[in-house]
Each structure stands twice: as structure tokens, then as C-alpha cells.
Amino acid sequence: MSDLYRIMKGKAYRLAETIIAPKHHGEDLLRTIMSDSDYSRQPLFLSMLPQVIPAEAHRQILLDGLAREYAGADNWMAYVESETSK
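The sequence shown stops at residue 134 when you use the numbering used here, and every number in between is there.
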């Protein structure tokens with residue numbers, strides 16, 4: 049399953065490149081998106097994600113992986129819960 053996460057992450061990274069201005073060149077753009085849930089780029093990323101990764105199960109693998117990798121959360125819902133309780 050980790051291979052599938054890497055594949056989905058690659059697709060998501062290309063989406064992130066279209067959302068984030070070029071001034072962030074060289075940064076981990078997914079880390080940038082995950083680092084600030086209050087910034088408009090995260091909701092934009094999430095709303096556009098189904099166009100890039102149509103399968104819901106694949107999106108769930110991606111989101112759970114992003115939550116683990118960038119936020120230290122067990123899964124996406126744990127990440128959302130931690131962000132909303134701030």
C-alpha cells in the first residue's frame with residue numbers, strides 16, 4: 049500500500065504545483081498545504097483533488113498518508129479533529 053501512497057502523492061504534488069505560487073519553488077508543496085489549514089490553499093487543494101484522483105479509496109489513502117507524514121496524526125479524520133479543536 050505504501051507504493052500506492054507514493055503514486056497518489058505524486059499526482060497530488062502536481063496539483064499542489066498548480067495551486068501554490070512559483071515563489072515556493074523548491075519547497076515541499078504538500079507540506080506547505082498541510083502546514084496551514086486556515087489558509088485558502090488547503091480547501092482549494094481538497095476541492096480539486098477528485099479531478100486528479102477520482103477514486104475515493106485512493107484519495108483516502110493519500111489523505112491518511114499526508115496526515116501521518118506531515119501532521120503526525122493517525123489518519124485524516126484525526127488530523128481534521130486536531131485542526132478543528134485549536
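All C-beta atoms in this analysis are idealised placements derived from N, C-alpha and C, irrespective of residue type, glycine included.
- The continuous alpha helix (DSSP H) containing S130 extends over residues 124-132.
- For S83, the uninterrupted alpha helix (DSSP H) segment begins and ends at 77-83.
- At least 9 Å separates the beta-carbon of F93 from that of L52.
- Annotation: Y61 to L77 spans about 7 Å, alpha carbon to alpha carbon.
- Assigned with DSSP and collapsed to three states, A115 falls in helix.
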